[in-house]
Amino acid sequence: MIKVENITYSYSRSAGKVLDDVGFELERGQCLAVLGNNGAGKSTLLKCIDRICHTEGASVTIDGQDVFKMNGSIMAQNIAYVPQNAEGANMTVFDTVLLGRKPYIKWDVSSSDREIVSDILQKMGLEEFALRNVSELSGGEAQKVMLARALAQEPKLLLLDEPTSNLDPYNQHEMLHVIRDIARERNIAVMIIIHDLNLAMRHCDRFLFIKDAKVFSFGGVETVNPETIESVYGLRVDIIEHRGIRIIVPY
3 MIKVENITYS
13 YSRSAGKVLD
23 DVGFELERGQ
33 CLAVLGNNGA
43 GKSTLLKCID
53 RICHTEGASV
63 TIDGQDVFKM
73 NGSIMAQNIA
83 YVPQNAEGAN
93 MTVFDTVLLG
103 RKPYIKWDVS
113 SSDREIVSDI
123 LQKMGLEEFA
133 LRNVSELSGG
143 EAQKVMLARA
153 LAQEPKLLLL
163 DEPTSNLDPY
173 NQHEMLHVIR
183 DIARERNIAV
193 MIIIHDLNLA
203 MRHCDRFLFI
213 KDAKVFSFGG
223 VETVNPETIE
233 SVYGLRVDII
243 EHRGIRIIVP
253 Y
């Protein structure tokens, strides 16, 4: 289980709080959509969990282990973070994804490390790009490579900041489908910052709405309702069902 308590953060003493006492629990194998307006503090929340932004008095535990007390190598085995517009090194796709195995490599790359990378490339549909340089890929293809590198870490918690922002509609659904399947298959908890509520409802299990620096709502799909959406986004919507799929329709 991932347990987050009392995440409070300000970028300066004179500025207001970006996050104020944010907390939630997430089971391994679940996908959590982090939702809210631009500037709500969603990216900052992921950075606080990943120790990029330092926060006093907060607690983040993974299976009872304190994240803030882990050394770098153990931390990398527990948490993988893919920021917006993550840039890859000037190397091949295979070698870039292989970097995700670094926390586990003691002397040299093993056959098991290479098998893990090959399996992830296959699942992500990146096999044909294995020997291509990342710099030669499109923005969407490079984004998939960065996700594949994070998955190669085999983390217990995967943090994704807008992983579908550079993808076309087909690849948006395909990527989230792969993320969800791998999360369940490998028992990884996933936090995804996403703006498309319909994509979130289709592919996520849990939903965290942030408003005015605080948790406005947290729960299952029942918390994604017209009242919450209007309160958080100022947008009036209906939620209809088509072929068993819930769809948000603004009006």
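Going by the working numbering, the sequence shown runs without a break in its numbering and finishes at 253.
All C-beta atoms in this analysis are idealised placements derived from N, C-alpha and C, irrespective of residue type, glycine included.
- Under the DSSP assignment, residue 144 falls outside any beta strand (DSSP E), being part of the alpha helix (DSSP H) whose first and last residues are 141-154.
- With 16 or more other CB atoms across the displayed protein chains lying within 10 angstroms of its CB, residue 185 is buried.
- The DSSP-derived three-state label of residue 157 is coil.
- A direct Cα-Cα distance of roughly 11 Å separates residue 74 from residue 104.
- For residue 135, the three-state secondary structure derived from DSSP is strand.
- Taking residue 205 as the centre and dropping the five residues before and after it, the same chain places the C-beta of 33, 178, 179 and 182 closer than 7 Å to its C-beta, in chain order.
- Within 10 angstroms of the beta-carbon of residue 37 lie 16 or more other beta-carbons, which makes it buried.
- Boundaries of the beta strand (DSSP E) harbouring residue 252: 247-252, taken from the DSSP string.
- Assigned with DSSP and collapsed to three states, residue 196 falls in coil, not helix or strand.
- Here DSSP, grouped into helix, strand and coil, assigns residue 212 to strand.
- With 16 or more other Cβ atoms from the protein chains shown falling within 10 Å of its own Cβ, residue 151 counts as buried.
- Among the bridge pairs identified by DSSP, residue 219 is matched with 211.
- Its chain contains 248, 249 and 251 as the residues whose beta carbon lies nearer than 8 Å to that of residue 242, once the 5 sequence neighbours on both sides are disregarded; these appear in chain order.
- Between residue 49 and residue 195, the C-beta spacing is not below 9 Å.
- The C-beta of residue 219 has 16 or more other C-beta atoms within 10 Å across all chains shown, which makes the residue buried.
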